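Down below is the structure, laid out as structure tokens.
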């Protein structure tokens, strides 16, 4: 590869532009195909029965009644389901969660699948499932943070946060001139993507084609292959669109594997879509936490210690701990830092990663505690954070790869009007007499990168084709990744075809950790570089090319042509080069990953500041967020329009965390009582007004070649605390249990 | 969903003739079809009323009365100009409930017949005396922060979820029903039933009786200038009430000539507060008066579980609704109907 | 029992031989008429993803039994655009980025079309927010949705004025 070719880092031609979604027309016309929209011939519908107890055994089911219902084809129960080839109780790969493939009669959480019905119609399958009318021998369930004895966590594995200590924590406590010692609680939350988990499985011999929402297409093939006892290459996943994922579609889940298994047993294609209430159990959630945050400050309100402990609920049979206390790492300068985790086992489905796992819950507590500490120290909450600004990563001392948090604070505060905020609570009312409060919080999210591959082709007509098995769950991969690829190919966006959303394409890694654009984009960028370099080499070696013998002169790719830099008379078109050299397309490949040494050299995070205004009825305490301003610095923004949408979405998730989301468990039965969208509140349109996002540009030469950090999750962090702090500022009542409810504010006022 | 037979009679007479035990009347279906999906309700046959002519009229008369056909869609009633002008708090209550889509489907009769949203009622695997008499009440001792604080019994602590029914109770509406024995009228105060020992019986309808219409009595429109519905909820829209109140005053100068007050989401029926109404009559509006009236309205309230807060909130929303009614009905429907975050939610 | 119904879907008259009265309009469209653009988000009238127009009014198709729709006119997301020409609401949703994953989008758009036709909200942001609150969006694209509906309402109002002028 000639080292003379200068690759187009001219971001601004496609990257950086607020391009509208390339999948927009498909999505507004109803032609975007989600998993359950598929209907192969000879399809059977699957509906499974959910356990109505949280712990115990199924003692009987009326299989005859179900089978007698017209249209019911088969009923699978532990009595007739052959074992899955792969062991569902093992954890054979990194993101494996244990699940229940109907191998025995035990129930270990409410809504666990206990039988599956196949029928010719959805109506028959649904009624067949009801007719099974299971009977149970129930045992007393262990539910909640106090339902069982806490256990220590070894740490290290996936979902197993340990204890991190920097500095002398006891000395930090001892040195404090003022301190707070506060306990916060966060509830179980359920992802509830609008698209329920679904699969259409069609077998052909020992090959299976799956229409299934997946945040990790290629990786999931190996996982399905393991359970189904077939090689990964025998599994094809088609997933052009996910109807939201938020982490719940990153790992495999039991019901989906069961439906695929059933399709093989019955010898016909099978479609399963979970019912909404079935989303509350077998498909992950955010575990409840109880967090103790202790902060000590010296006479200048500089933190001598930040000590954060968390107790989180996990299941009785698997491990995933909401790593809440880790939210206190990497964010504020403190003399000593400690993040410690414990778990408690309950008879619930296993929690899993849910949008900003750990960070969301941890930030809610930390940013509230920061506000309480600022109040106690008698200084403005923003000033308190600035006074404890981390110039290098606390603990490790590593420099940040980039950190424009100061600018975020400044721009957000300016836009919001923060300087007019009275220090004391209950100072502001509006023209209607509503209590008005302002609060803020710091947003932080790591900027990871995973491994990915991509392929890039320049076709004989000079257009580009790029491929990687990325997942678009709404973040905009179809658009953003194409923008990156177009720049890497030196082509206008409309000359680039982007293929994605199928496991037959090169592995794009997982759409998670806010790292998908950096990862898949990085691979596409590398593949584009590779094919452009090959084509440039072809041109410079071609005696008929104006570029022939360009020697050490620099060649640039732009608008489908190569140019000798500084000499506009010498250029050659991609199509012309290929035409003169055999007329075949030319292909390149590339990969992305972060070298270990890069991570060792720099701390990499996206940063932000969120400012919230709430209005609270002074007597009735119904709360509405009336303004929410977020300023975020997340490296290079490839598409400002789509990044803004994602950041807003994250902020509304923060609003939801602060005011709405909570799965309510009946402690006697271990069942979620509000397991539907009427009872489990997420914000509606009328809950959202006055939303503003500012993006602060960062040039980050270290995070990855494209300088991208990611915007998918950071919006939640900071926002929860900002809203809780604003409610305190409005009412003078501090609620340390999320979500903040009318009855809590009423009680606090009396 | 259990299989059922379906018929679509062309008249009330045909409908009544089609009824037999195990039948259910189908109006808009927004509540019935939902409950059939969960299995809480399992009729053997649905009698679809949509083909019956003559039940879709709205008539507002000069004497301040109104007649509304049972099949009038909720949204059509709320947006009927004559009706909304005469009974603004009824329109506001309708628009504070459910969503635009649901209001387009739900009927007036169906709204009055909707079942409780108690989660233990909706879920067939929970004990519920309303669903299966004698099976017990899982809500007692369960998750019950939104349950009844008035009129409940050990058998059932569920609430009636209707917004629409609250101002109707305040205005003394009358439900017109028809059965095999002919037509009769049921005063609103007697239409919904408190649970007692028979919580499975929601209303005063006899089996096989059909709601054909609703009547607001003469003079009901006299409250039009001073009436409000206010609803407290856990999100800004598309949520059932935590508590709500309908307040209406007939003013003569600065004096309250007549007052109406009903509370929602506090009992198995919309809670008409007659004692409070009597206390208000002949008085001049004042915060102290409204506080006393609100106290009277919640007299006898006791928590049925973790819902002590509802008593105080009911008191406060009653006082607020009275205050807003005294300040006068807004000229235009608030953008956020019945919300404390809407325009005109503060006097 | 015979449950044949005849209805018009997106302008096409269809005779449907229903073998089962339990079939909802949503499942009729998705599973029996190959119109999966209408989405199932809760199946219980709690999310709005299944919103379609029946006789010009927005309703939740998940709570509507198909058998009740004899003679009805149904419009789904697939029938909204006139060939290649998008409906103004569709255009506005793209321009204002009124969606992310796109799953709730057909319901949002049909609801917006219904809301504009109801004529109660105009281009008032707060009335639009309230009027669109029966459509949940878990990606939380509400900011763009409200802007899109405002914009489309204005465009449609001015187009109507031009027509009547």
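Protein chains in written order, with the working numbering: chain A, 92 to 841; chain B, 766 to 1112; chain C, 190 to 354. Glycine included, each C-beta is placed from N, C-alpha and C at the ideal position. Computed from a predicted structure; not experimentally measured.
Secondary structure note for residue 203 of chain C: its beta strand (DSSP E) is the uninterrupted segment 201-207. Membership of residue 704 of chain A in the beta strand (DSSP E) is indicated by the continuous run 696-707.
Pairing residue 662 of chain A with residue 309 of chain A gives a Cβ-Cβ distance that is not under 7 Å.
Residue 420 of chain A carries a coil assignment under DSSP once its states are collapsed to helix, strand and coil. Shortest Cα-Cα distance from residue 800 of chain B to any of B:818, B:879, B:835 involves B:879. Contact of residue 232 of chain C with chain B by beta-carbon distance below 8 Å involves 802. Per DSSP, residue 158 of chain A is one residue of the alpha helix (DSSP H) stretching across 154-159.
Only exposed fits residue 1097 of chain B, as fewer than 16 other CB atoms lie within 10 angstroms of its CB. Approximately 6 Å separates the beta-carbon atoms of residue 267 of chain A and residue 396 of chain A; this is inside 8 Å, confirming the contact. Your pair residue 591 of chain A and residue 568 of chain A checks out as a contact, with CB atoms roughly 6 Å apart and the cut at 8 Å. When the Cα atoms are used, residue 1040 of chain B and residue 1062 of chain B turn out to be separated by approximately 7 Å. In the structure shown, residue 309 of chain C falls within a coil segment according to DSSP collapsed to helix, strand and coil. Among the residues of the stretch 204-231 of chain C, those with a Cβ less than 9 Å away from any Cβ of chain B are 209, 210, 211, 213, in the order of the chain. At least 7 Å separates the CB of residue 280 of chain A from every CB of chain B. Per DSSP, the unbroken beta strand (DSSP E) holding residue 241 of chain A starts and ends at 241-243. At least 7 Å separates the CB of residue 879 of chain B from every CB of chain C.
Against chain B, a Cβ distance below 9 Å from residue 347 of chain C picks out nothing, because the smallest value is about 22 Å. 246, 247, 248, 249, 252, 253, 254, 256, 257: these are the residues of the stretch 244-278 of chain C whose beta carbon lies less than 7 Å from some beta carbon of chain B, given in chain order. For the stretch 323-334 of chain C, residues whose beta-carbon sits nearer than 7 Å to a beta-carbon of chain B comprise 323.
One alpha carbon belongs to residue 201 of chain C, the other to residue 270 of chain C, and they sit about 14 Å apart.
If you keep only unbroken alpha helix (DSSP H) runs of at least 4 residues inside the stretch 667-755 of chain A, you get 687-692, 731-750. Along the stretch 438-471 of chain A, none of the residues has a CB nearer than 7 Å to a CB of chain C. Our two residues, residue 370 of chain A and residue 990 of chain B, have alpha carbons roughly 48 Å apart in a direct line. Flagged as an interface residue toward chain A: residue 1000 of chain B, by a C-beta distance shorter than 7 Å. Ranked by Cα distance from residue 414 of chain A, the first of A:450, A:446, A:800, A:771 is A:450. From the beta-carbon of residue 1081 of chain B, the residues of chain A found nearer than 8 Å are 710, 711. When DSSP states are grouped into helix, strand and coil, residue 172 of chain A belongs to the coil group. Residue contact with chain B for residue 240 of chain C: present (Cβ-Cβ distance below 7 Å to some residue of chain B). Within the same chain, Cβ atoms closer than 6 Å to the Cβ of residue 701 of chain A are found at 532, 534, 721, 809, 810, 813, the five residues on either side in sequence being excluded.
Under the Cβ distance rule, residue 289 of chain C counts among the residues neighbouring chain A, one pair being separated by less than 7 Å. In the three-state reduction of the DSSP assignment, residue 784 of chain A falls in the strand class, which pools E and B.
The three-state reading of DSSP puts residue 839 of chain B in helix, counting H, G and I together. Residue 258 of chain A sits away from residue 696 of chain A, with the two beta carbons spaced by 7 Å or more.
In the three-state DSSP reduction, residue 621 of chain A falls in the helix class (H, G or I). In this structure, residue 612 of chain A keeps its C-beta atom at 7 Å or more from the C-beta atom of residue 669 of chain A. The C-beta distance from residue 341 of chain A to residue 186 of chain A rounds to 7 Å, short enough to meet the 8 Å contact threshold.
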